[in-house]
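Protein chains in written order, with my numbering: chain A, 81 to 489; chain B, 81 to 489.
Here it is as structure tokens:
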């Protein structure tokens, strides 16, 4: 694989954003099973909310006119004709009459406001009102929150606690959501054996990328289909990759880093996508020898074999891609911790550097210490909480600088 | 309920942190089913990693001594005796011999370094070496990454992609993790009917808190047990709450906001916990009338009935509590977006204010616009992406200030 047209991280993001759209498979789910799913249609309210005018305080339901002029020294006297019970229909009041009403209680006909109990005094069958109220005061009117037929949730909304609460309030029991994108994973390499293998032969190592890439895909809300391991054989890789691609939205091939295996991956990806390669190499460290191609609305990645490189590439770009495929139209943010850099970090201009760091905390601040290590070494990764991005226009960072640490999860 | 000893947000956090510990139920899981679970024991490596010395480049395996003095003008000549294949045992080399080795290939006996292919030239059965290498150069030695018996993952670690990758590399197929904490939810109020109810009678509203609180619990990795709805009847609430508390680690009661129902909740919580109330009122808006109590290592919350108040309280304090119960010992961070405030926000000193905001973006910056609304109105919440916290010592925020918006998810 010749990395002649290496693209910047920014360019790759733009390519992903411009080239893909949400998957077109939708499903109807019960509202309570749809947490974190993405709405595939606009949702309109079938009714008004609240369904009846309610009191927002504990107090007395009144006709506001009956309280005009009332004050500390000159209370209004109203006839107490009963109590409104929660969950029950409120019987009407006439002029100069009142009923006790609890917070959330239904406002009776004839009343248009509520006087807070703090400004009243009960004397037998009479209630003294020490403060005047205007129409609508301390009342949430029927339909104040939502009108019938009103658009309440837009297509592309991720259903979180508040959205599900709104659907519950309106009695909407079913929603149409996008299915989760499916990510297929195929590890390649003659040296690889399954991670469940207890005894290794000389020259063999266990497959790491299947579980790490699957975990990242699940973190970003995708389903996973594991394709196992393929030997360094063009036909075998192509065959297994092609079968997997039929069933998934995103195919991840991760291969060795030797020249021969890189070429295999590149050729297979070309063959699979009819030569529709969008990216051949990214100016980022780690992860430069990454291939990205497209077939219909399906994405095919040729990821480096190094576990750390493959993880970082898919962690970064996979989030953006899966977000688009999922149908979400929401702003996305990363979890970040501001920290003080504990040592200098050298970096080459013209390339994005992702530097893994260990976070520690003293009384006031977080400190970020870069953890360098050959990218094949998994322990350098499990000791870190996140990474720092050094953009292409910068040459390194100095000790004592405040940095944004992008957290793993 | 008298809120005489209202506590600050900070005090409540400290009470939670000091009063609870991780749940003591553990389970053994397959490694691949343990994503985001928390390790309940230290994990030691059963073997070394990498299991054999490997090349980190494509090149020729050599005895470093044979390359001493080699340079552009004076190459060393080595006898090519074959090729090392990925995944296969490497046959030994003698002095002055070499074998081609791909990245990740096993270093043969007799070799202690690898010369990158860029610095070599093959001529029939001979390889010319144009650069000397030192012992260990371009080699990852067996055990360089992990020693046998080494502590690799500590109790309390959340298993994410990297940790699972490390377990895969070492052939560790099973892990002992904490079970998820279980959250029980009981909504109370005569006015409440199930959210699946199609037709409402006058005075009735659908239960919102069950789904919103369940969603938050799931977001923070807990299991949920729904207790349904109880009427405003002391014995009924106590009975249902008591049954639920037997089966859960965290019990959430959410009641109406009228004086009567608040008293019910308070009495029930007292009865359930033998009077062990830790918090009776929090100086925060929204959410002041919150009760928090403890029985053994179980937490009982009396949450306000207002959906928004209940959500915000459990979103904030529930994350901290569930994190402790889950056994996680990792640093936790919130997702934050820096944004410019588009208008003044008034706020009372001496109280924490949580102001919900809508985020928008222009070319360069995010803007945060406060969305005010009576806290019973669900639509004011679904239009927001997060909230701003105004601490007790501040009186409001001015338009144009940079604020940290804490995002919902």
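A virtual CB, placed ideally from N, CA and C, is assigned to each residue, including glycine.
Shorter than 9 Å from the beta carbon of residue i to some beta carbon of chain B?
i: residue 175 of chain A; result: no
i: residue 292 of chain A; result: yes
i: residue 280 of chain A; result: yes
i: residue 323 of chain A; result: no
i: residue 167 of chain A; result: yes
i: residue 81 of chain A; result: Annotation note: pLDDT 49 at residue 81 of chain A (below 50); position unreliable, coordinate value reported separately. With 9 Å as the cut-off, residue 81 of chain A does not count as an interface residue toward chain B.
i: residue 185 of chain A; result: yes
i: residue 482 of chain A; result: no
i: residue 241 of chain A; result: yes
i: residue 277 of chain A; result: yes
i: residue 95 of chain A; result: no
i: residue 207 of chain A; result: no
i: residue 272 of chain A; result: yes
i: residue 238 of chain A; result: yes
i: residue 122 of chain A; result: no
i: residue 298 of chain A; result: yes
Following the continuous alpha helix (DSSP H) through residue i, name the residue where it begins and the one where it ends.
i: residue 389 of chain A; result: 387-405
i: residue 95 of chain A; result: 89-99
i: residue 63 of chain B; result: Residue 63 of chain B lies beyond the stretch modelled for chain B, which goes from 81 to 489, so this question has no answer here.
i: residue 462 of chain B; result: 459-462
Could you spell out where the beta strand (DSSP E) holding residue i opens and where it closes?
i: residue 296 of chain A; result: That residue, residue 296 of chain A, is in no beta strand (DSSP E); its alpha helix (DSSP H) goes 289-299.
i: residue 112 of chain B; result: From DSSP, residue 112 of chain B is part of no beta strand (DSSP E); its letter is neither H nor E.
i: residue 332 of chain B; result: 330-334
i: residue 433 of chain A; result: 432-441
i: residue 368 of chain B; result: Careful: residue 368 of chain B lies outside any beta strand (DSSP E) and carries neither H nor E.
i: residue 119 of chain A; result: From DSSP, residue 119 of chain A is part of no beta strand (DSSP E); its letter is neither H nor E.
i: residue 449 of chain A; result: 446-450
i: residue 482 of chain B; result: 482-487
i: residue 264 of chain B; result: 262-268
i: residue 310 of chain B; result: 303-310
i: residue 429 of chain B; result: From DSSP, residue 429 of chain B is part of no beta strand (DSSP E); its letter is neither H nor E.
i: residue 418 of chain A; result: 416-421
i: residue 378 of chain B; result: 378-383
Using beta carbons (cut-off 9 Å, strictly below), is residue i in contact with chain A?
i: residue 457 of chain B; result: yes
i: residue 493 of chain B; result: Residue numbering for chain B in the displayed model covers 81 to 489; residue 493 of chain B lies beyond these limits and cannot be assessed.
i: residue 295 of chain B; result: yes
i: residue 312 of chain B; result: yes
i: residue 111 of chain B; result: yes
i: residue 434 of chain B; result: no
i: residue 353 of chain B; result: no
i: residue 488 of chain B; result: yes
i: residue 226 of chain B; result: yes
i: residue 444 of chain B; result: no
i: residue 232 of chain B; result: yes
i: residue 285 of chain B; result: yes
i: residue 397 of chain B; result: no
i: residue 100 of chain B; result: no
i: residue 505 of chain B; result: Absent from the model: residue 505 of chain B. The displayed extent of chain B is 81 to 489, so no value can be given.
i: residue 465 of chain B; result: yes
i: residue 491 of chain B; result: With chain B covering 81 to 489 only, the question about residue 491 of chain B has no answer from this structure.
Less than 8 Å between the CB atoms is what I'm expecting for residue i and residue j, so what's the real figure, rounded?
i: residue 188 of chain A; j: residue 173 of chain A; result: 5 Å
i: residue 111 of chain B; j: residue 242 of chain B; result: Going by Cβ atoms, the distance from residue 111 of chain B to residue 242 of chain B rounds to 13 Å, so no, they are not a contact pair.
i: residue 130 of chain B; j: residue 220 of chain B; result: 6 Å
i: residue 370 of chain B; j: residue 385 of chain B; result: With a Cβ gap of about 11 Å, residue 370 of chain B and residue 385 of chain B do not count as contacting.
i: residue 277 of chain B; j: residue 223 of chain A; result: Going by Cβ atoms, the distance from residue 277 of chain B to residue 223 of chain A rounds to 19 Å, so no, they are not a contact pair.
i: residue 317 of chain B; j: residue 416 of chain A; result: 43 Å between Cβ atoms; not a contact.
- Quick one: which unbroken beta strand (DSSP E) runs of 3-plus residues sit fully inside the stretch 166-253 of chain B? Chain order, please. 177-181, 193-196, 200-203, 206-209, 231-233
- Query: Below 8 Å, can you find three or more Cβ-Cβ pairs linking the stretch 180-187 of chain A to the stretch 290-309 of chain B?
  - Reply: no
- Is it true that the stretch 260-279 of chain B meets the stretch 304-316 of chain B, where meeting means three or more beta-carbon pairs spaced less than 8 Å apart? yes
- Which runs of the beta strand (DSSP E) fall wholly inside the stretch 122-161 of chain B and span at least 3 residues, in chain order? 139-142
- Query: Does the stretch 421-433 of chain B come within contact of the stretch 389-399 of chain B, defined as at least 3 CB pairs closer than 8 Å?
  - Reply: no
- Can we say the stretch 279-291 of chain A touches the stretch 163-171 of chain B, given the rule of at least three CB pairs closer than 8 Å? yes
- Is the stretch 250-259 of chain B close to the stretch 93-111 of chain B, with three or more CB pairs under 8 Å? yes
- For the stretch 350-365 of chain B and the stretch 142-161 of chain A, state whether three or more C-beta atom pairs, one from each stretch, are separated by less than 8 Å. no
- With a cut-off of 8 Å, do at least 3 Cβ pairs link the stretch 93-102 of chain A to the stretch 470-484 of chain A? no
- Query: Are the stretch 138-146 of chain B and the stretch 326-337 of chain B in contact at 8 Å, needing three or more beta carbon pairs?
  - Reply: no
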